[in-house]
Every structure is written in structure tokens, then in C-alpha cells.
Amino acid sequence: MEAKEFKEFAKAMADYVAEYLENIRDRQVVPSVKPGYLRPLIPEQAPVKPEPWTAVMDDIERVIMSGVTHWHSPRFFAYFPTANSYPSIVADMLSGAIACIGFSWIASPACTELEVVMMDWLGQMIGLPDEFLARSGGEAGGVIQGTASEATLVALLGAKSRTMHRVKEEHPEWTEYQILSKLVGYCNSQAHSSVERAGLLGGVQLRTLKPDDKRRLRGETLQEAIDEDIRKGLIPFYVVATLGTTSSCAFDALDEIGDVCNSNNVWLHIDAAYAGSAFICPEYRYLMKGVEKADSFNFNPHKWMLVNFDCSAMWLKQPRWIVDAFNVDPLYLKHDQQGSAPDYRHWQIPLGRRFRSLKLWFVMRLYGVENLQKFIRKHIALAHYFEKLCLGDERFELFEEVTMGLVCFRLKGSNENNEALLRRINGRGKIHLVPSKVDDVYFLRLAICSRFTEESDIDIAWKEVKASADEVLAEN
Ligand code: PLP
Numbered sequence: 039m040e041a042k043e044f045k046e047f048a049k050a051m052a053d054y055v056a057e058y059l060e061n062i063r064d065r066q067v068v069p070s071v072k073p074g075y076l077r078p079l080i081p082e083q084a085p086v087k088p089e090p091w092t093a094v095m096d097d098i099e100r101v102i103m104s105g106v107t108h109w110h111s112p113r114f115f116a117y118f119p120t121a122n123s124y125p126s127i128v129a130d131m132l133s134g135a136i137a138c139i140g141f142s143w144i145a146s147p148a149c150t151e152l153e154v155v156m157m158d159w160l161g162q163m164i165g166l167p168d169e170f171l172a173r174s175g176g177e178a179g180g181v182i183q184g185t186a187s188e189a190t191l192v193a194l195l196g197a198k199s200r201t202m203h204r205v206k207e208e209h210p211e212w213t214e215y216q217i218l219s220k221l222v223g224y225c226n227s228q229a230h231s232s233v234e235r236a237g238l239l240g241g242v243q244l245r246t247l248k249p250d251d252k253r254r255l256r257g258e259t260l261q262e263a264i265d266e267d268i269r270k271g272l273i274p275f276y277v278v279a280t281l282g283t284t285s286s287c288a289f290d291a292l293d294e295i296g297d298v299c300n301s302n303n304v305w306l307h308i309d310a311a312y313a314g315s316a317f318i319c320p321e322y323r324y325l326m327k328g329v330e331k332a333d334s335f336n337f338n339p340h341k342w343m344l345v346n347f348d349c350s351a352m353w354l355k356q357p358r359w360i361v362d363a364f365n366v367d368p369l370y371l372k373h374d375q376q377g378s379a380p381d382y383r384h385w386q387i388p389l390g391r392r393f394r395s396l397k398l399w400f401v402m403r404l405y406g407v408e409n410l411q412k413f414i415r416k417h418i419a420l421a422h423y424f425e426k427l428c429l430g431d432e433r434f435e436l437f438e439e440v441t442m443g444l445v446c447f448r449l450k451g452s453n454e455n456n457e458a459l460l461r462r463i464n465g466r467g468k469i470h471l472v473p474s475k476v477d478d479v480y481f482l483r484l485a486i487c488s489r490f491t492e493e494s495d496i497d498i499a500w501k502e503v504k505a506s507a508d509e510v511l512a513e514n
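The numbering of the sequence shown is my numbering, which starts it at 39 and goes up by one.
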């Protein structure tokens, strides 16, 4: 493809993208295609001769859009949001053009240096203490991981290497294997499945602990588990505190957990994948009280801060436990400036990394902190609006207090009725929700996901929920 054609193609695509997003409300949220729908729509093999770009454009609606779930429809209320904004899309275009692999500073100095500064901007925006930021002048700083799952694993590996180092000094007679088999980590049983997975991948035991009646992991519970394990000869080394659980957006008692971790020499990682974006609004920072006691903190701007996937922001107070422990430095990756700026390949699992900080830079500059705050506040207000509608109908109850953009609700009564309710709602095809179950109580989750969602969409969602409930209850 020549540059002239590229420009035409890119302009046509920009027009298409803007039309798609601005009119997304008119599309059916979940497509009605069946598995295998796509293969018959395209040839069996790749074309031998090049096709014109217009032929590709012509196929987008027919082949692709007919099978897309429109996550950015204002009537998509499933899972948690995934971000989407014009500045971020354009930044990804530039990142695609530069197409560097920023594994070391010299591999593209701008790629590393913008990331260092953007992680400082972002950290300040959410009120992280300076001890996490590169601007503090110490070793601390931020890194963009692909996902929160990777951040949890990287933190676990850091915790593991810090504890191994300490225990080896205390017990030089113990073998590495003996120490490893004694390591034990902890999280709320409501923590994301990626935490348990990090334990499996890291080859260590991870205990899930019972939260209180508000689904919060408490310090006392953690302390009891640690005491019990120490009595058994185990070595507690890692705790993940969740701020905003996936099922119901509950917040662990971070302040209490932080004290327990600090007094037991245990690495504390904070997983605020979804809710972390809300901390750009000072009125929600009470939910991260005690953050200064943590060793690492992570949230996903790619969820709720208008930065397209993938952009998971992680800060480490002592990156040396990852950087030094997993440093494999072949000659072809070494350079003269080593040590004067981070070589981010040591802060993550893969070697390669895209120029993702461009997305943060574009979004923060083109929205400004003020508009990002407005966006978060609007989503939370819409959730409260749905909550009000729900509470106005005595057939419904809330499963969890609404603090962010998620409403957990259910019909009073049996799980079966609520399962039938969800089937009805999704079957009608106007809106899309997913359920969850905690302590055997099945409930529906309505997450405000799209930046296009307005009160009128919430009215429609409520109408759908009510009509479906009428049908389900009439059948009882
Ligand atoms: N942690 C929490 C609390 C989440 O809600 C999620 C996803 O929703 C994750 C981790 C996983 O995020 P990622 O897909 O970035 O790994």
C-alpha cells in the first residue's frame, strides 16, 4: 500500500469509526449470530493478489459488525467498563506508526521516558503518596503492564524474591525448595480469579480468606490466618487487597490490612483494577485510606479512565525485587546508559512492549483532569439513578451498597426467579447484563460502561428490567 492510499484509507476509517461510535446506540448490543457464522462469509484462503482497500471497508459491516458485541453501546451494562475515547484511538495510531519495541531505554528513549513521567502524572492524579513515584528521586516508580492479572503476578514474584532473600539470610541451611514450599499468600475469597492464578503460576500457596458481611477482607481475619500459618511453620509473604471486587465492587479494609502486612513483613499489593480510576476524584480517596502501607498498587486506566485497552498502571516502591531478581541480560540487549533510566523489560514478564504511554498522554491532555473527574462522577450518578429506580419498586432489593458505577440488585426471593429474570432481560435483546453469585445469593449486576450512557438509557434499562420481572413473576 502506498502512502497516498494509506491516507485515503485512514481518512475513510476515521469517518467510519466516528459514525460507528456516534450511532452505536442504534445497534443491537449482542449480535444474534451462531458459532461458526463467520467462516462462510469469507474465502477459504488468503487472496493471492492484493485487493483494494475499499473491498476491505465494504466487508466490515457484513463480516465483522454482524458479529460484534457492542461494548460501547450505552445499553451494554455487563462486566466492568472497558475504555474507549477518540484521543486514545489516535494515540494508538501514532504508536502503530512508531512501532518501536521499548524493552530498554536505548530501544526508544521517548517510549521509556514518557512512560516514567506519565506514571508520575497519573499517580499524582489519583493521590498516590510520593513514595510510589519516580519524581521522589528514589528507586520507586510506575510501569504500564498489559493487564491487572500481569501486575498481580509481577508483584507476587517481587514478594517472593524479597522473602526468599530474607529467609535465606536467616536460615542459610534451608534449601531454596524448602523455603518455596513454605511460602503462603492471602487474598479475599472475593478477589479476582487472576489472584489465585498468580499463585498457581508463581508456584506458591495462596489462601482465600472469608470476608465480613460487607464482603470486605478485614485485618483481624488476615492476622488470624497469618498466626495460624506461622504456627504450622509456613512463611506468609504476600497479600492482595482488592479495592472494588469484580462481583460486587466491595472494598477490602486496606488500612487494617496494611498494618498487619507491615508488622509481619509481608508484601502488600493493591488490586484496584476497576475502582482505581475513581480516585482521580478526591471524594473517593477515603476508600484507599492506608495506601501508603502497600508495596505495590495497580489499576486499569483501560477500564474506567478512557484509555483504550491495554493500559494497566502499576507502581512499585521497591522495583529492585523484580528488576534484580529476574534480570537476564544477554549482550544484544545491553547498552551504555544502563542504570540511568528504567529498562522496562525487567519490570514485566514479556520482553516486548508497545508505546502505550502515548495513550495516557493524549487522554490526560485532551480531556484534562477536570473532564476525567466529570466522567467518573457522571457514571456514579447514573448508577445511583438506577439504584433509586430499583429501590422504588418493592419487589427488588440491592445486594450491595452502591459506591461506584455498579448496581448489584435482585428480585426479592429465590435465585431461580433471578436466573429467569436475567434470561428474560438478555433475551429481549435491548440491554445486556451479567450475573454474579456471592454466598449462594444470585444477583444481577448493572455496570455503567459506555461513555455515551445517559439517564434516558437508564430509564430504558429499568423499563426492560421491570417488564421482564412482570413476566417472570406472572409465571410463578
Ligand atoms: N482485578 C479485578 C478486581 C477485576 O475486576 C479484574 C477484571 O475485571 C481484574 C483484576 C482482571 O483485569 P485484567 O483483565 O486487566 O487482567
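Virtual Cβ for every residue (Gly too), placed ideally from N, Cα, C.
Query: Three or more C-beta pairs below 8 Å linking the stretch 382-399 and the stretch 130-146; Result: yes
Query: Any non-hydrogen atom of the ligand PLP within 7 Å of Gly443 CB; Result: no
Query: Distance between beta carbons of Ser286 and Ser474, contact taken as under 8 Å; Result: 7 Å
Query: Separation of Gly237 from Ala229, as counted between CA atoms; Result: 13 Å
Query: Cβ-Cβ distance between Ala311 and Asn336 below 8 Å; Result: yes
Query: Whole-angstrom distance between Ile418 and Ser142, CA atom to CA atom; Result: 40 Å
Query: N-terminal and C-terminal residue of the alpha helix (DSSP H) that Cys319 is part of; Result: Looking at the DSSP string, Cys319 is not in any alpha helix (DSSP H), and its letter there is neither H nor E.
Query: Whether Ile62 touches Ser104 by CB criterion (8 Å); Result: no
Query: Test item: CB-CB of Gly443 and Leu420 under 8 Å; Result: yes
Query: Closest Cα partner of Lys412 within the set Tyr382, Ile318, Glu177; Result: Ile318
Query: Leu398 versus Arg65: straight-line alpha-carbon distance, rounded; Result: 29 Å
Query: Nearest-angstrom Cα separation, counted from Glu408 out to Met163; Result: 11 Å
Query: Residue interval of the beta strand (DSSP E) (run including Ile273); Result: 273-280
Query: Top-ranked residue by Cα proximity to Pro81, from Val71, Asp97, Ser70, Ser506; Result: Asp97
Query: The stretch 188-199 / the stretch 266-276 touching (three or more Cβ pairs under 8 Å); Result: yes
Query: Distance CB(Glu153)-CB(Ile127) smaller than 8 Å; Result: no
Query: Inter-residue Cα distance where the pair is Tyr423 and Gly390; Result: 44 Å
Query: Close-in-space but distant-in-sequence residues of the same chain around Ser350 (CB under 8 Å, 5 per side omitted); Result: Ile182, Gln183, Gly184, Thr185, Ala186, Glu188, Ala189, Ala311, Asn336, Phe337, Asn338, Pro339, His340
Query: Extent of the continuous beta strand (DSSP E) run through Asp309; Result: 305-309
Query: Close beta carbons around Ile498, own chain, < 8 Å, minus the five adjacent residues each side; Result: Arg113, Lys468, Ile469
Query: Under 8 Å between C-beta atoms of Pro69 and Thr107; Result: yes
Query: Reduced DSSP category for Phe47 - H, G, I as helix; E, B as strand; rest coil; Result: helix
Query: Ser350 Cβ short of 7 Å to the ligand PLP heavy atom set; Result: yes
Query: Environment of His209 [buried if 16+ CB atoms lie within 10 Å]; Result: exposed
Query: Glu151 versus Glu169, Gly165, Pro167, Arg173, residue with shortest Cα-Cα distance; Result: Arg173
Query: Contacting residues, own chain, Cβ-Cβ under 8 Å from Phe347 (five flanking each side not counted); Result: Thr120, Ala121, His340
Query: Cβ-Cβ separation, Glu330 to Pro167 (assumed contact under 8 Å), whole Å; Result: 5 Å
Query: CA nearest to the CA of Gly271, picked from Cys487, Ala288, Leu218; Result: Leu218
Query: Proximity test, Phe118 beta-carbon vs the ligand PLP heavy atom, cut-off 7 Å; Result: yes
Query: Top-ranked residue by Cα proximity to Val503, from Gly176, Cys138, Arg433, Ala313; Result: Arg433
Query: Where Ile80 sits in the DSSP three-state scheme; Result: coil
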